[in-house]
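Undergrad: Per our numbering, the very first residue in the sequence shown carries number -14; after that it's consecutive.
Backbone N, C-alpha and C fix where the C-beta goes; we use that ideal spot for every residue, glycine too.
Handing you a structure now.
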Amino acid sequence: MGRLTQLDEQKKITAVLQGRMGSTRLPGKVMLPLLGKPMIQCVFDRLSRCECLDDIIIATSLLSEDDMIADHFTSQGLKVFRGSLEDPLDRYYNAAKHHQIKHVLRAMADCPFIDPNLIDKQAEVYFSGEYDFCHLVGEFPSGLDTTIFNYDCLEKAWNEAKKKSEREHITSYITNNPKLFKIGSYEPLSGLYHHRWVVDHPKDYQFAKTVYEGFEKSGNEFGWEEIVQFLEHQPEIFDLNSDIKRDEGYLKSLAQD
């Protein structure tokens, strides 16, 4: 993570990495191993390479099954916040409030391919435009998406979001109400919408394992360009999970509103 000077004090970004053991499609997925490390640890390690981040907080639920996640990180002396299982927005808001975070990067434990270089560039857009909220847009692989927003923006969403989809997916209230916030976007990629790099099904896990094994010699240092090149030469790996519908979790929440 970057070393901030006193002049950078107002530009501190803290990542809140959310994860839990419960998953209807792939139970315990965030602790499944990739090259011998739990998936959530792989995400943490990739976040640790971001120059724009001052700190990383793990946010999980109070459920006993999530003790495994909490214990894994507290044993390393790292920060863990535990909150509501049923209301992820409440958990996220209280994590930010407890740790007095001014600028939040939202990251998810089932996205083991997030790219530190993209995140650093996204942070530049966020601060240069003095936005309340900045998100990745365009034709990028699912699983690369991250969002950056300020505390006031998060607090407003926490106070006003009523729909299940807006409580469960944290930033939906913000994007659903663009007139209430100054929203910026970063669009670095195109032509990759059909790529699926999030882990939500057994097929996704097989995909993630295979890609990680393909980069075993480079550890966790590979970025999105290297993954695309790798898959171009091995299309059978791309096909492992290419039949799964994008954003099915969010679409399910919308149907329940």
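Which of the three DSSP states, helix, strand or coil, is assigned to Arg34?
TA: Coil, per DSSP.
Undergrad: Please state if the CB of Val15 and the CB of Ala80 are separated by a distance shorter than 9 Å.
TA: No, Cβ-Cβ distance for Ala80 and Val15 is not below 9 Å.
Undergrad: What's the C-alpha gap between Leu(-8) and Gly114?
TA: Any reading at Leu(-8) needs caution, since the residue's pLDDT is 40, under 50, leaving its predicted position unreliable; the model's value is listed next. Each residue's alpha carbon lies about 18 Å from the other.
Undergrad: Just to confirm my understanding: we take Leu165, look at its own chain, exclude 5 residues before and 5 after, and list those with CB closer than 6 Å. What are they?
TA: Cβ neighbours of Leu165 beyond the five flanking positions: none.
Undergrad: Please return the same chain residues whose Cβ sits closer than 7 Å to the Cβ of Lys187, not counting the five positions on each side in sequence.
TA: The displayed chain sequence assigns Pro, not Lys, to residue 187. Correct list, in chain order: Leu11.
Undergrad: Taking the C-alpha atoms as reference points, what is the distance between His218 and Glu198?
TA: If you take the alpha carbons of His218 and Glu198, they lie about 15 Å apart.
Undergrad: Is Ala193 closer than 9 Å to Met6 when the C-beta atoms are compared?
TA: Not in contact: Met6 and Ala193 (Cβ atoms no closer than 9 Å).
Undergrad: Rounded to a whole number of angstroms, what is the C-alpha to C-alpha distance between Pro163 and Glu71?
TA: Answer to the nearest angstrom: the Cα atoms are 26 Å apart.
Undergrad: Report yes if the CB atom of Phe98 is closer than 9 Å to the CB atom of Leu121, and no otherwise.
TA: No, Cβ-Cβ distance for Phe98 and Leu121 is not below 9 Å.
Undergrad: Starting from Tyr178, follow the alpha helix (DSSP H) in both directions and report where the run begins and ends.
TA: Neither: Tyr178 is in no alpha helix (DSSP H) and is coded neither H nor E.
Undergrad: Ignoring anything shorter than 4 residues, give me the alpha helix (DSSP H) runs that lie fully in the region 40 to 105, in order along the chain.
TA: The region 40 to 105 contains these whole alpha helix (DSSP H) runs: 52 to 59, 73 to 83.
Undergrad: Given this structure, state the Cα-to-Cα distance separating Leu48 from Ala55, to the nearest angstrom.
TA: Taking the straight line joining both Cα atoms gives about 11 Å.
Undergrad: Express the C-alpha separation of Ile133 and Arg91 in angstroms, rounding to a whole number.
TA: Computed Cα separation, rounded: 6 Å.
Undergrad: Using only the alpha-carbon positions, how far apart do Arg152 and Asn161 sit?
TA: Computed Cα separation, rounded: 12 Å.
Undergrad: Once you ignore the five residues that flank Phe29 on each side, which residues in its own chain have a CB closer than 7 Å to its CB?
TA: Answer for Phe29: Leu2, Ile41, listed in chain order.
Undergrad: Using only the alpha-carbon positions, how far apart do Leu174 and Gln85 sit?
TA: Cα to Cα, the separation comes out at about 33 Å.
Undergrad: Would the beta-carbon of Leu32 fall within 9 Å of that of Tyr190?
TA: Cβ distance not < 9 Å, so Leu32 and Tyr190 don't count as in contact.
Undergrad: State the beta-bridge partners of Val1 as determined by DSSP.
TA: Paired residues: Ile42, Arg91.
Undergrad: What residue range is occupied by the uninterrupted alpha helix (DSSP H) comprising Thr195?
TA: Unbroken alpha helix (DSSP H) run through Thr195: 187 to 199.
Undergrad: So, at 6 Å on beta carbons, what are the nonlocal neighbours of Asp51 in its own chain, with the 5 sequence-adjacent residues on each side left out?
TA: Correct list, in chain order: Arg5, Met6, Thr45.
Undergrad: What three-state label does DSSP hand Phe250 in the structure shown?
TA: The requested residue 250 does not occur in the structure, where the chain is confined to residues -14 to 242.
Undergrad: Using a threshold of 9 Å, state whether the C-beta atoms of Ser127 and Arg76 are closer than that.
TA: Contact flag unset, no.
Undergrad: Extract the residue ranges of the beta strand (DSSP E) inside the region 131 to 185, only unbroken runs of 3 or more that lie entirely within it.
TA: Counting only runs of 3 or more, we get 132 to 135, 168 to 171.
Undergrad: Quick check: Ile155 and Asp185, are their CB atoms within less than 9 Å of each other?
TA: No, the pair does not count as a contact, with Cβ atoms beyond the cut-off.
Undergrad: Using DSSP bridges, identify the partner residues of Leu225.
TA: Paired residues: none, contrary to the question.
Undergrad: If we call anything under 9 Å between Cβ atoms a contact, is Tyr136 one with Ala146?
TA: No, Cβ-Cβ distance for Tyr136 and Ala146 is not below 9 Å.
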